[in-house]
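Novice: Chains as they are written, first to last, in the UniProt record's numbering: chain A, 1 to 200; chain B, 1 to 200. Even glycine gets a Cβ: it sits at the ideal position worked out from N, Cα and C. Values in this document were obtained by computation on a predicted structure and should not be read as measured data. First, the structure itself, so that you have it in front of you.
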């Protein structure tokens, strides 16, 4: 697999894909703070094997893995291990990627950018496509569960330069969308860019 | 769409599909009590539009809908409305369907039945197939979330004859698997049958 190390900037409201070799680390950096990233991961060469939130919860018996634990695919194989987290440590693995239907329901004009379309566009750049948008890992997104099973939507608390780092457990494609949500207050101060660093 | 009313028994460890017309009610009955059912729903004529746990959480801002609220598809269209619940009211929408990889990890001999394979077999009976197993709605399954984001696996508390009833918001295919899990104690007393009643 052709992979590169170095920084890929994800402009505000856009998405980018990186190819990551097994054993390499991939870091998502919140450049300006308060920004949610929708992260997707796929086995290299087969997008039908993909990071699965539901399988990861089953394997970890947690809503979100702890540092040292792995996110697994829909075939229950580790794909990314949570290696490090310099942020306040609040991330979401419950909520679907935003999409045109979401923005239509919120009253946005047609053409609002979305994480689902950012994923499709980033994959298309690699000649890949998915039939159904997988559930993302929403880094820096704060969706606390209250005792009654209610979910709250809070602004991201990540500070400028905060990051979350994963180690690839297999050759994979990682897509990160800098969430364009500006109608629900999850991105503190509005959409801003992220960076993806693939480390040596 | 060809649909029928009446009862479909789902034998222990097996799955069955029913076609449900918009406006009809479909009831899942725990015949002997303590049995988890993995429920999947697909838009009639297009299995790439499917009940989505992640989109349903986003739309309801809850871990599980309340009576009167709808489960939505990955296109955010209501597919099933939770109409009635005579059980203790504990259901899960966090955990993936069991599959051969799950049973291999638990040390089962090859060939153990699984909800993922039950889904595939039930869909195949209608000439349908999915690329990736969707996350099910696990009726009667008890997976409480503790304050620290940990998930517990408890035996189903449903009593003989308890049921959960949905109203179809669109023509759809509903698949129910009587979960064959017998290595983790979610099915109280071991796997038993369920019934699917499609009501007039």
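(1) Nearest-angstrom Cα distance between residue 144 of chain A and residue 63 of chain A?
(2) Give the interface partners of residue 62 of chain B over in chain A, defined as CB-CB distance under 7 angstroms, in chain order.
(3) Would a C-beta distance cut-off of 8 angstroms place residue 173 of chain A and residue 42 of chain A closer than the cut-off?
(4) Within the region 90 to 159 of chain A, note down every full beta strand (DSSP E) run reaching 3 residues or more, in order along the chain.
(5) Which bits of chain B does residue 74 of chain A rub up against, with CB to CB less than 7 angstroms?
(6) If residue 140 of chain B and residue 35 of chain B are in contact, beta carbons under 8 angstroms, what's the gap, nearest whole angstrom?
(7) Should residue 32 of chain B and residue 193 of chain B be called a contact, given that it needs their Cβ atoms to be closer than 8 angstroms?
(8) Name the chain A residues that come within less than 8 angstroms of residue 55 of chain B, Cβ to Cβ?
(9) Name, in chain order, the residues that DSSP records as bridge partners for residue 37 of chain B.
(10) Using alpha carbons as the reference points, say which of A:147, A:82, A:20, A:102 lies closest to residue 179 of chain A.
(11) Report the residue from B:124, B:88, B:181, B:48 whose alpha carbon sits nearest the alpha carbon of residue 97 of chain B.
(12) With a floor of 4 residues, list each alpha helix (DSSP H) that falls wholly inside the region 6 to 74 of chain A, ordered by position along the chain.
(13) Give the residues of chain B in contact with residue 102 of chain A, contact being defined as C-beta atoms less than 8 angstroms apart.
(14) Check for me: the beta strand (DSSP E) holding residue 163 of chain B runs from which residue to which?
(15) Is it right to say residue 16 of chain B is buried, meaning 16 or more other beta carbons lie within 10 angstroms of its own, or is it exposed?
(16) When the Cα atoms are used, what is the spatial distance from residue 177 of chain A to residue 38 of chain A?
(17) Determine which residues of the region 33 to 50 of chain A have a Cβ less than 8 angstroms from any Cβ of chain B, and write them out in chain order.
(18) Is the separation between the beta-carbon of residue 256 of chain B and that of residue 95 of chain B shorter than 8 angstroms?
(19) Using three-state DSSP, classify residue 192 of chain B as helix, strand or coil.
(20) Residues of chain B with a CB under 9 angstroms from the CB of residue 105 of chain A: which are they?
(21) In chain order, what residues of the region 156 to 181 of chain A put their CB closer than 8 angstroms to some CB of chain B?
(22) Run down chain A in chain order and give the residues with a C-beta less than 7 angstroms from the C-beta of residue 145 of chain B.
(23) Is there a Cβ of chain B sitting closer than 8 angstroms to that of residue 52 of chain A, yes or no?
(24) So, under 8 angstroms CB-CB, residue 40 of chain A and residue 198 of chain A are touching, yes? Tell me the CB distance rounded to an integer number of Å.
(25) Quick one: residues in its chain with C-beta nearer than 8 angstroms to the C-beta of residue 164 of chain A, no 5 flanking neighbours on either side, listed in chain order?
(26) Can you tell me whether residue 119 of chain A is buried or exposed, with buried defined as 16 or more other CB within 10 angstroms of its CB?
(27) Assign residue 109 of chain A to one of two classes, buried (16 or more other C-beta atoms within 10 Å of its C-beta) or exposed (fewer than that).
(28) Bridge partners of residue 184 of chain B, per DSSP?
(29) For residue 73 of chain A, does the count of other Cβ atoms within 10 angstroms reach 16, so buried, or fall short, so exposed?
(30) Report the option in A:155, A:135, A:18 whose CA atom is closest to the CA atom of residue 58 of chain B.
(31) If you follow the beta strand (DSSP E) that residue 78 of chain B is part of, which residue opens it and which one closes it?
(32) Using the Cα positions of residue 162 of chain A and residue 183 of chain A, report the straight-line distance between them to the nearest angstrom.
(33) So, using beta-carbon positions, are residue 156 of chain B and residue 186 of chain B closer together than 8 angstroms?
(34) Using only alpha-carbon positions, find the residue among A:106, A:76, A:20, A:200 that is nearest to residue 50 of chain A.
Specialist: Taking the geometry as given:
(1) The C-alpha of residue 144 of chain A lies about 10 angstroms from the C-alpha of residue 63 of chain A.
(2) The answer, in chain order, is 149, 150, 151.
(3) The Cβ-Cβ distance between residue 173 of chain A and residue 42 of chain A falls below 8 angstroms.
(4) Counting whole runs of 3 or more residues, the region 90 to 159 of chain A contains the beta strand (DSSP E) stretches 137 to 139.
(5) Within chain B, 132, 133 have C-beta atoms less than 7 angstroms from the C-beta of residue 74 of chain A, given in sequence order.
(6) Rounded, the Cβ-Cβ distance is 6 angstroms, consistent with contact.
(7) Yes, these two residues count as a Cβ contact at 8 angstroms.
(8) Within chain A, the residues whose beta carbon sits less than 8 angstroms from that of residue 55 of chain B are 96, listed in sequence order.
(9) Assignment of beta-bridge partners to residue 37 of chain B by DSSP yields B:139, B:178.
(10) For the residues A:147, A:82, A:20, A:102, the minimum Cα distance to residue 179 of chain A belongs to A:102.
(11) Of the candidates B:124, B:88, B:181, B:48, the one whose C-alpha sits nearest the C-alpha of residue 97 of chain B is B:181.
(12) If we require 4 residues or more, the alpha helix (DSSP H) runs fully inside the region 6 to 74 of chain A come out as 53 to 60.
(13) Within chain B, the residues near residue 102 of chain A are 58, 76.
(14) Start and end: 163 to 168.
(15) Buried is the call here.
(16) Distance from the CA of residue 177 of chain A to the CA of residue 38 of chain A, rounded to the nearest whole angstrom, comes to 5 angstroms.
(17) The region 33 to 50 of chain A vs chain B, Cβ under 8 angstroms: 48, 50.
(18) Because residue 256 of chain B is not part of the residues shown, which for chain B are 1 to 200, the question remains open.
(19) Coil.
(20) The contacting residues are 59, 76.
(21) Listed in sequence order: no entries.
(22) Here the neighbours are 63, 145.
(23) At least one CB atom of chain B sits nearer than 8 angstroms to the CB of residue 52 of chain A.
(24) Not really, about 16 angstroms apart at Cβ, beyond 8 angstroms.
(25) For residue 164 of chain A, where only same-chain residues beyond five positions count, the Cβ hits under 8 angstroms are 27, 28, 82, 84, 85, 86, 87, 91, 139, 140.
(26) Buried: at least 16 other Cβ atoms inside 10 Å.
(27) So residue 109 of chain A counts as exposed.
(28) Bridge pairing for residue 184 of chain B: absent [DSSP].
(29) The C-beta of residue 73 of chain A has 16 or more other C-beta atoms within 10 Å across all chains shown, which makes the residue buried.
(30) Measuring from the Cα of residue 58 of chain B, the nearest candidate turns out to be A:135.
(31) Here the beta strand (DSSP E) through residue 78 of chain B covers 78 to 85.
(32) Those two C-alpha atoms are separated by around 24 angstroms.
(33) Residue 186 of chain B is positioned such that its CB atom lies closer than 8 angstroms to that of residue 156 of chain B.
(34) When each option's Cα is compared against that of residue 50 of chain A, the closest is A:76.
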